[in-house]
Amino acid sequence: MAIIELRDVKKDYLLGKVTVPAVKGVSFEIERGDFVSIAGPSGSGKTTILNMIGLIDIPSSGEVIIEGKHTGGLSDRELTRFRHEVLGFIFQSFNLIPVLTVRENVEFPLLLGKTRVPRNEWDQWIDYLLEEVGLTGWKDHKPNELSGGQRQRVAIARALITRPSIVLADEPTANLDSATGEQIIDLMKKINRELQTTFIFSTHDAKIVSIADHVIRLRDGLVIENRRKGEDVNGTESEE
Amino acid sequence: MNPVLPRIAARNLLRQRKRTMLLAGAIAFGIMIVTLINGFAGAFIRNVSENFAYLMGGHVFVSGTEYSPSGRRISVIRDTAVIDEALASSGLRNLRVQKTSQVMATLIFEGKSIRQNLTGIDLGHSSMLRDRLMLLKGTWEDAAQPDALIISEKIAKKLNVLPGDKVIAQFQTITGQNNVGEFRIAGISVDSSFIGSIMAYVQLDYLNSLIGIRNGEYMSLGIMLDRLDRSGTAASALYVTMKSMGLQLFERKAAQDGNAMTPFQAMIREQTRERWEGTRYRVYTIDEILSQARQIVVALDTASVFILVVLFAIVMIGLSNTFRMAMFERIREIGTMRAIGVQRNEVRAMFLYEALFMALAGSVAGLLLAFLAMAGLSLITFDPQSPVFLILRNGHLSFSLPPLRALFNIALIAALTLAAVYAPANAASKLRPAEALRTVK
Ligand SMILES: Nc1ncnc2c1ncn2[C@@H]1O[C@H](COP(=O)(O)OP(=O)(O)OP(=O)(O)O)[C@@H](O)[C@H]1O
Ligand SMILES: [Mg+2]
Chain A
1 MAIIELRDVK KDYLLGKVTV PAVKGVSFEI ERGDFVSIAG PSGSGKTTIL
51 NMIGLIDIPS SGEVIIEGKH TGGLSDRELT RFRHEVLGFI FQSFNLIPVL
101 TVRENVEFPL LLGKTRVPRN EWDQWIDYLL EEVGLTGWKD HKPNELSGGQ
151 RQRVAIARAL ITRPSIVLAD EPTANLDSAT GEQIIDLMKK INRELQTTFI
201 FSTHDAKIVS IADHVIRLRD GLVIENRRKG EDVNGTESEE
Chain B
1001 MNPVLPRIAA RNLLRQRKRT MLLAGAIAFG IMIVTLINGF AGAFIRNVSE
1051 NFAYLMGGHV FVSGTEYSPS GRRISVIRDT AVIDEALASS GLRNLRVQKT
1101 SQVMATLIFE GKSIRQNLTG IDLGHSSMLR DRLMLLKGTW EDAAQPDALI
1151 ISEKIAKKLN VLPGDKVIAQ FQTITGQNNV GEFRIAGISV DSSFIGSIMA
1201 YVQLDYLNSL IGIRNGEYMS LGIMLDRLDR SGTAASALYV TMKSMGLQLF
1251 ERKAAQDGNA MTPFQAMIRE QTRERWEGTR YRVYTIDEIL SQARQIVVAL
1301 DTASVFILVV LFAIVMIGLS NTFRMAMFER IREIGTMRAI GVQRNEVRAM
1351 FLYEALFMAL AGSVAGLLLA FLAMAGLSLI TFDPQSPVFL ILRNGHLSFS
1401 LPPLRALFNI ALIAALTLAA VYAPANAASK LRPAEALRTV K
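Structure follows, in structure tokens:
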């Protein structure tokens, strides 16, 4: 069974009196453990779709099903709890909490309620992730003492700390130089393999798209390509 | 609630140090002003009462009133044994008593004259007076002489007398006859008071013989307790004892409720209304005499709350705006937290914690500033002749802050701060995460 399923999802934004259709009816499935890229030019709807998968935005119509759960009609409190339990987030501009140290930032989601990590494993797990992202020596530093690449590594550790099923990353490399961006993607890929966490990231960098197991390409709020591990899932046209 | 939220709140305060200092400073200022007023009011009643208690020679007083055959009201306690007995069986401990008689007299020396209140006490043994009065000229040995007179420095200057000089006093006896007596200046006192300057002290027995009170009798008994705040209970105990001994007593109630009439007004009203046989006793306290001083304290404390609220109305606008600004500045942080799993009410709580910490920090700083100011102000020495002496303690301003009052002020500030910040905190909690995350600063 697919870990994520979108069924004819549409999203309209209201700009004054004008309705802007950002996503115009999108359906696809994502398999557990995949490394998924959502590609497309600026304004094509990548962020909007990721936000709806991430349950921080609600579709105008259609269904978002995550781990078999129909998320439509859940309350804000239930959505928040579900996000906390099942999802991890990585942002384009890192979005660390500036007053917390590296270690505290990574620990933060654990303090927000019940997670899949038992209390007695916390310290070990935090240390493991800090080691994994190469920041063991930086754990007592504040985010503003780190480089962009280091900050994004902290964000990756934070996204993984609750052992989520899915990690969503909206243009995680856009604020980094290309070499650092590649390192970040390699790191995400490595963790994806090791922990079997499903990663979904958006990008318009073709080089990064090529590492993905599954590419969903958008244009003007529609899926124009849906290709998984070489096979064309929907038979839509390919640009490559 | 989650301990990480107050931690973040506290660090956010430190992050914006300048802003925090400004707002906490405003809170501190308000608390400082109000604490000073409260501290002054708290000490005011105590100092006034203590000073009056010393002047009048007691915290609790017993006086007696009887009618002469001609129908004249006479203030005198004749059955002194019954008062001694009442005191002994009332269970009061650690007290000093002082028997006094008083008369208004004109002192005359070499053609100069001045009105004085002659207070007759046992000068040879009164420890209370010796504790309070400092003799500038003359000695307490001289004061033990039968015809001794102690006057204040001011009066001595006006009459141009020195110790050893003989002074004539003109006065009326208790039955209304004019009489004169001769006194010898035994001491000239530094009396740190303007009321003190109208008080002159003579020997009780000698004064009694001059005004027609028999030896051993007196007009009123002053009872000095070890603590001022015991005066009410002590007076009640004495009253009950005297009542149970079958003595005639003026009701204490009129004096106790204290708001409608002063005890003196009540006294006058009662006495003009009725007549009785024998002696009727009155038991009253320094507080009852000073019930109007208490009203001043209530007024000061009420004003302080008003000042606090008015001062704070301005601060509240600043607080509200500042936190609204903070919300916009941290909008992406809020969006991030919401995405990660922070609930709405937790976002609100985080802002409220921040406001609360600021209020508490400001309040503590304000209290410290107030204590410093109090310490500074109480270093000022006032002129002993100054008319403000009544509110002073040993010639210095003093302060006494009732702890409950301080707690009330802090609680009030905390509540007002939370009220001011509630709206922006709530707005922050209502932010939709996707919108918040999309916002670029
Ligand atoms: N809050 C909003 N209000 C109005 N229009 C919006 C809003 N958010 C997005 N849009 C519009 O929806 C469309 C899709 O936007 P979206 O941010 O999903 O694109 P994107 O692929 O992420 O673009 P980019 O690569 O620039 O991030 C765009 O036309 C955008 O202008
Ligand atoms: Mg985008």
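Chains as they are written, first to last, in my numbering: chain A, 1 to 240; chain B, 1001 to 1441. Where is the CB? At the ideal position from N, CA and C, for every residue including glycine.
Notebook entry, point to check: In chain order, what residues of the same chain have a beta carbon less than 6 angstroms from the beta carbon of Thr181 (chain A), not counting five sequence neighbours either side?
Noted result: Start at 1 with the first residue of the first sequence, and residue 181 (chain A) comes out as number 181. It is Gly, not Thr, that sits at residue 181 (chain A) in the sequence shown. In chain order, Thr173 place their CB closer than 6 angstroms to the CB of Gly181 (chain A), counting only its own chain and leaving out the 5 sequence neighbours on each side.
Note to self: Closer than 7 angstroms between beta carbons: that is the criterion. Which residues of the segment 107-139 of chain A meet it against chain B?
What the structure shows: Correct list: Phe108, Pro109, Leu111, Leu112, Gly113.
Item checked: Segment limits, alpha helix (DSSP H) that includes Ile1374 (chain B) -> Numbered from its first residue, the second sequence carries residue 1374 (chain B) at position 374. First, the residue type needs correcting, since residue 1374 (chain B) is Met and not Ile in the sequence shown. Here the alpha helix (DSSP H) through Met1374 (chain B) covers 1344-1377.
Checklist line | Min CB distance Asn192 (chain A) to chain B below 8 angstroms | finding: Mapped onto the first sequence, residue 192 (chain A) falls at position 192. No, its Cβ sits nowhere closer than 8 angstroms to a Cβ of chain B.
Item checked: As assigned by DSSP and simplified to three states, the class of Asn1208 (chain B) -> To locate residue 1208 (chain B), count along the second sequence from 1; it is residue 208. Helix at Asn1208 (chain B).
Next item on the list: With DSSP as the reference, label Gln1116 (chain B) as helix, strand or coil.
Entry: Walking along the second sequence from the start, residue 1116 (chain B) turns up at place 116. Residue state, collapsed to three classes: strand.
Checklist line | Proximal residues to Val1180 (chain B) (C-beta, below 7 angstroms), its chain only, five neighbours per side dropped | finding: Within the second sequence, numbered from 1, the residue matching residue 1180 (chain B) stands at position 180. Here the set comprises Ile1168, Ala1169, Gln1170.
Margin query: Would you say the beta carbon of Glu171 (chain A) is closer than 7 angstroms to some non-hydrogen atom of ligand 2?
Written below: In the first sequence, the residue the question calls residue 171 (chain A) occupies position 171. Within the cutoff, so yes.
Check: Could you give the C-beta distance for Ile208 (chain A) and Ile185 (chain A), rounded to a whole number, given that I count them as a contact under 8 angstroms?
Finding: Counting from 1 along the first sequence, the entry for residue 208 (chain A) is found at position 208. Counting from 1 along the first sequence, the entry for residue 185 (chain A) is found at position 185. Confirmed, about 5 angstroms.
Notebook entry, point to check: Could you give the C-beta distance for Asp1301 (chain B) and Ala1041 (chain B), rounded to a whole number, given that I count them as a contact under 8 angstroms?
Noted result: Residue 1301 (chain B) sits at position 301 when you count from the first residue of the second sequence. Residue 1041 (chain B) sits at position 41 when you count from the first residue of the second sequence. About 5 angstroms separates the beta carbon of Asp1301 (chain B) from that of Ala1041 (chain B), a gap short enough to meet the 8 angstroms contact definition.
Item checked: Exposure label - Glu145 (chain A); buried when at least 16 CB within 10 Å -> In the first sequence, counting from the first residue as 1, residue 145 (chain A) sits at position 145. Flag for Glu145 (chain A) reads exposed.
Checklist line | Residue interval of the alpha helix (DSSP H) (run including Ile1033 (chain B)) | finding: Along the second sequence, read from residue 1 onward, the residue named residue 1033 (chain B) stands at position 33. Unbroken alpha helix (DSSP H) run through Ile1033 (chain B): 1017-1056.
Notebook entry, point to check: For ligand 2, is there a heavy atom less than 7 angstroms away from the beta-carbon of Lys11 (chain A)?
Noted result: Along the first sequence, one-based indexing puts residue 11 (chain A) at 11. Distance from the C-beta of Lys11 (chain A) to the nearest heavy atom of ligand 2 is not below 7 angstroms.
Next item on the list: Rounded to whole angstroms, what's the CA-CA distance from Leu168 (chain A) to Ile56 (chain A)? Just pull it up for me.
Entry: Mapped onto the first sequence, residue 168 (chain A) falls at position 168. Mapped onto the first sequence, residue 56 (chain A) falls at position 56. Approximately 11 angstroms between the Cα atoms of the pair.
Next item on the list: Indicate whether Ile161 (chain A) and Ile38 (chain A) have their beta-carbon atoms separated by less than 8 angstroms.
Entry: The sequence position of residue 161 (chain A) within the first sequence is 161, counting from 1. The sequence position of residue 38 (chain A) within the first sequence is 38, counting from 1. With contacts defined as CB atoms closer than 8 angstroms, Ile161 (chain A) and Ile38 (chain A) fail to qualify as a contacting pair.
Margin query: Beta-carbon distances below 5 angstroms to any heavy atom of ligand 1 define the shell here; list its residues in chain order, please.
Written below: In chain order, the hits are A:Tyr13, A:Leu15, A:Val20, A:Ala22, A:Ser42, A:Gly43, A:Ser44, A:Gly45, A:Lys46, A:Thr47, A:Thr48.
Notebook entry, point to check: Along chain A, which residues have their Cβ under 9 angstroms away from the Cβ of Arg1332 (chain B)?
Noted result: Position 332 of the second sequence holds residue 1332 (chain B). The contacting residues are Phe91, Ser93, Asn95.
Next item on the list: Could you please tell me which residues of the segment 1033-1053 of chain B, in chain order, have their CB closer than 9 angstroms to any CB of chain A?
Entry: Of all residues in the segment 1033-1053 of chain B, none comes within less than 9 angstroms of chain A when Cβ atoms are compared.
Check: Who are Ala39 (chain A)'s beta bridge partners in DSSP?
Finding: Start at 1 with the first residue of the first sequence, and residue 39 (chain A) comes out as number 39. DSSP lists A:Thr203, A:Arg217 as partners of Ala39 (chain A).
Next item on the list: Might you give, ordered along the chain, the residues of its own chain that have their beta carbon closer than 7 angstroms to the beta carbon of Ala1086 (chain B), omitting 5 neighbours on each side?
Entry: Taking the second sequence and counting its residues from 1, one reaches residue 1086 (chain B) at position 86. So the qualifying residues of the chain are Leu1238, Thr1241, Met1242, Met1245.
Notebook entry, point to check: Does DSSP classify Leu129 (chain A) as helix, strand or coil?
Noted result: Along the first sequence, one-based indexing puts residue 129 (chain A) at 129. Looking at Leu129 (chain A) - three-state DSSP - the assignment turns out to be helix.
Next item on the list: Kindly provide the ranges of any beta strand (DSSP E) runs that are 3 or more residues long and lie completely inside the segment 39-112 of chain A, ordered along the chain.
Entry: If we require 3 residues or more, the beta strand (DSSP E) runs fully inside the segment 39-112 of chain A come out as 61-66, 87-90.
Notebook entry, point to check: DSSP state of Asp8 (chain A), grouped into three classes?
Noted result: Mapped onto the first sequence, residue 8 (chain A) falls at position 8. Here DSSP, grouped into helix, strand and coil, assigns Asp8 (chain A) to strand.
Next item on the list: Examine chain A for any beta-carbon lying closer than 8 angstroms to the beta-carbon of Arg1015 (chain B), and answer yes or no.
Entry: Along the second sequence, read from residue 1 onward, the residue named residue 1015 (chain B) stands at position 15. True, the Cβ-Cβ gap to chain A drops below 8 angstroms.
Checklist line | Neighbouring residues, chain A, relative to Val1004 (chain B) (Cβ below 9 angstroms) | finding: Reading the second sequence from its first residue, position 4 is the one you call residue 1004 (chain B). Around Val1004 (chain B), the beta-carbon contacts reaching into chain A at under 9 angstroms are Leu100, Glu104, Glu107, Phe108, Leu111, Leu112.
Item checked: Endpoints, the alpha helix (DSSP H) within which Asn1179 (chain B) is located -> Against the second sequence, residue 1179 (chain B) aligns to sequence position 179. Secondary structure note for Asn1179 (chain B): it is in no alpha helix (DSSP H), and the uninterrupted beta strand (DSSP E) holding it is 1178-1190.
Next item on the list: For my contact list, His1396 (chain B) and Phe1408 (chain B) are in at a C-beta cut-off of 8 angstroms; report their separation, rounded to the angstrom.
Entry: Along the second sequence, one-based indexing puts residue 1396 (chain B) at 396. Along the second sequence, one-based indexing puts residue 1408 (chain B) at 408. Rounded, the Cβ-Cβ distance is 27 angstroms, inconsistent with contact.
Check: What in chain B is Cβ-close to Asp57 (chain A), meaning under 9 angstroms?
Finding: If you number the first sequence from 1, residue 57 (chain A) lands on position 57. Correct list: Arg1432, Pro1433, Ala1434, Glu1435.
Notebook entry, point to check: Does Val1342 (chain B) have its Cβ less than 8 angstroms from a Cβ in chain A?
Noted result: Here the question's residue 1342 (chain B) lines up with position 342 in the second sequence. Yes, contact with chain A.
Notebook entry, point to check: Is the CB-CB distance between Phe1109 (chain B) and Asp1147 (chain B) below 8 angstroms?
Noted result: For the purposes of this step, residue 1109 (chain B) is taken as the residue at position 109 of the second sequence. For the purposes of this step, residue 1147 (chain B) is taken as the residue at position 147 of the second sequence. At a Cβ-Cβ threshold of 8 angstroms, Phe1109 (chain B) and Asp1147 (chain B) do not count as neighbours.
Next item on the list: Would you be able to state if there are at least three C-beta pairs under 8 angstroms between the segment 1044-1059 of chain B and the segment 1216-1230 of chain B?
Entry: With a cut-off of 8 angstroms, the segment 1044-1059 of chain B and the segment 1216-1230 of chain B count as touching, because enough Cβ pairs lie within range.
Next item on the list: Might you give, ordered along the chain, the residues of its own chain that have their beta carbon closer than 7 angstroms to the beta carbon of Ala1359 (chain B), omitting 5 neighbours on each side?
Entry: What you label residue 1359 (chain B) is simply residue 359 of the second sequence in a count that begins at 1. A distance below 7 angstroms between beta-carbons, with the five flanking residues on each side excluded, links Ala1359 (chain B) to the following residues of its chain, in chain order: Ile1027, Ile1413, Ala1414, Thr1417.
Check: Rounded to the nearest angstrom, how far is the Cβ of Ala91 (chain A) from that of Ala155 (chain A), given a contact under 8 angstroms?
Finding: Sequence index remark: in the first sequence, residue 91 (chain A) carries index 91 (1-based). Sequence index remark: in the first sequence, residue 155 (chain A) carries index 155 (1-based). Rather than Ala, the amino acid found at residue 91 (chain A) in this sequence is Phe. Contact between Phe91 (chain A) and Ala155 (chain A) is confirmed by a C-beta separation of about 7 angstroms, below the 8 angstroms threshold.
Check: Three or more beta-carbon pairs under 8 angstroms between the segment 2-15 of chain A and the segment 56-66 of chain A, yes or no?
Finding: Three or more pairs of CB atoms, one per stretch, sit closer than 8 angstroms, so the segment 2-15 of chain A contacts the segment 56-66 of chain A.
Margin query: Between which two residues does the alpha helix (DSSP H) holding Tyr1239 (chain B) run?
Written below: Taking the second sequence and counting its residues from 1, one reaches residue 1239 (chain B) at position 239. That run of the alpha helix (DSSP H) goes 1231-1244.
Margin query: Please give me, in chain order, every unbroken run of the beta strand (DSSP E) with length at least 3 that falls completely inside the segment 1053-1108 of chain B.
Written below: Taking only runs of at least 3 residues, the beta strand (DSSP E) segments lying wholly in the segment 1053-1108 of chain B are 1060-1067, 1073-1075.
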